[in-house]
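J.: Before I ask anything, let me first share the structure, which is written out below as structure tokens.
Residue numbers (our numbering): 2 to 166.
Have a look at this one:
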């Protein structure tokens with residue numbers, strides 16, 4: 002049973018108190034390692050579920066009764082690497098595995114403003130990426146950085162966008 006990792010700061014205590022006791026899925030984790038050819042995947046059966054996993058699943062499966070394992074992102078690798086990895090992961094979907102790539106199309110907490118309308122750069126980036134996705138334009142998604150200043154503002158770091166790949 003993977004532990005619940007609270008790898009964030011500055012949020013309400015209720016989030017830090019939340020536990021998501023989902024059962025693990027070590028057999029599927031092993032199958033994933035065997036399946037992936039375009040990337041190196043290493044097993045770590047001690048690591049728990051970070052907020053990118055449990056914060057999404059707690060809403061989807063509040064009883065925590067669905068087996069879960071997490072595949073971490075390698076932020077040192079470019080978007081193309083993650084896209085290639087996704088091509089191997091497609092085979093898991095054919096076996097009935099639900100793959101959730103959590104993140105945000107726009108993620109800049111330092112520029113967050115709750116009470117006002119969104120920034121123009123946020124609307125632009127969200128709109129362009131949504132269009133790429135709707136059109137099946139994988140190259141546009143992978144090449145998001147070509148959107149210039151809007152991309153840099155929408156994602157000062159790419160950790161919340163790479164799961165889209």
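Note that beta-carbon positions come from the ideal geometry of N, C-alpha and C, so glycine has one too.
1. Quick one: Cα of residue 117 to Cα of residue 107, how far?
2. Judging by CA-CA distance, which residue of 48, 141, 64 and 127 is the nearest neighbour of residue 6?
3. Please state the DSSP three-state secondary structure of residue 149.
4. Is it buried or exposed, residue 34, if we count other Cβ atoms within 10 angstroms and call 16 or more buried?
5. Is it right to say residue 24 is buried, meaning 16 or more other beta carbons lie within 10 angstroms of its own, or is it exposed?
6. Pair every Cβ in the segment 86-98 with every Cβ in the segment 116-134, then say whether three or more of these pairs are closer than 8 Å.
7. Residue 121 to residue 148, Cα distance in whole Å?
8. Could you check whether residue 77 and residue 22 sit closer than 7 Å to each other, using their CB atoms as the reference points?
9. Go ahead and label residue 131 buried or exposed: buried means 16 or more other beta carbons lie within 10 angstroms of its beta carbon, across all protein chains shown.
10. First and last residue of the alpha helix (DSSP H) that includes residue 54?
11. Can you tell me which residues form a DSSP beta bridge with residue 49?
12. Please classify residue 142 as buried or exposed, where buried requires at least 16 neighbouring CB atoms within 10 angstroms.
13. Leaving out the 5 sequence neighbours to the left and right, which residues in its chain are closer than 6 Å to residue 16 when beta-carbon positions are compared?
14. Within this structure, are the beta carbons of residue 80 and residue 166 separated by less than 7 Å?
15. Between the Cα of residue 92 and the Cα atoms of 36, 84, 69 and 73, which residue gives the shortest distance?
16. Could you tell me the alpha carbon to alpha carbon distance between residue 39 and residue 84, rounded to whole angstroms?
17. Per DSSP, residue 142 forms a beta bridge with which residues?
T.: To lay it out plainly:
1. Taking the first residue of the chain shown as 1, we reach residue 117 at position 116. Taking the first residue of the chain shown as 1, we reach residue 107 at position 106. Using only the alpha carbons, I get a separation of about 16 Å.
2. On the chain shown, residue 6 is found 5 positions in, with the first residue counted as 1. Looking at the Cα atoms, 48 is the closest of the given residues.
3. Here residue 149 corresponds to residue number 148 of the chain shown, with the count starting at 1. In the structure shown, residue 149 sits in coil (DSSP, three-state: anything other than H, G, I, E or B).
4. For the purposes of this step, residue 34 is taken as residue 33 along the chain shown, with counting starting at 1. Its Cβ having fewer than 16 others within 10 Å, residue 34 is exposed.
5. Translated into positions along the chain shown, residue 24 becomes position 23. With fewer than 16 other Cβ atoms within 10 Å, it is exposed.
6. no
7. As a position in the chain shown, residue 121 is number 120, starting the count at 1. As a position in the chain shown, residue 148 is number 147, starting the count at 1. About 13 Å.
8. Within the chain shown, the letter at position 21 stands for residue 22. Within the chain shown, the letter at position 76 stands for residue 77. The answer is no: Cβ separation not under 7 Å.
9. For the purposes of this step, residue 131 is taken as the residue at position 130 of the chain shown. Exposed, by the Cβ-count rule.
10. As a working mapping, residue 54 is identified with position 53 in the chain shown. Looking at the DSSP string, the run of the alpha helix (DSSP H) that includes residue 54 is 52-61.
11. Locating residue 49 in the chain shown gives position 48, where the first residue counts as 1. The partner list for residue 49 (beta bridge, DSSP) is empty, contrary to what the question assumes.
12. Taking the chain shown and counting its residues from 1, the one referred to as residue 142 is at position 141. When all chains shown are included, residue 142 counts as buried.
13. In the chain shown, counting from the first residue as 1, residue 16 sits at position 15. Contacts found: none.
14. Sequence index remark: in the chain shown, residue 80 carries index 79 (1-based). Sequence index remark: in the chain shown, residue 166 carries index 165 (1-based). Contact: yes.
15. Translated into the one-based positions of the chain shown, residue 92 becomes position 91. Closest by alpha carbon: 36.
16. Start at 1 with the first residue of the chain shown, and residue 39 comes out as number 38. Start at 1 with the first residue of the chain shown, and residue 84 comes out as number 83. Residue 39 and residue 84: Cα-Cα distance of roughly 10 Å.
17. Numbered from its first residue, the chain shown carries residue 142 at position 141. According to DSSP, residue 142 bridges with nothing at all.
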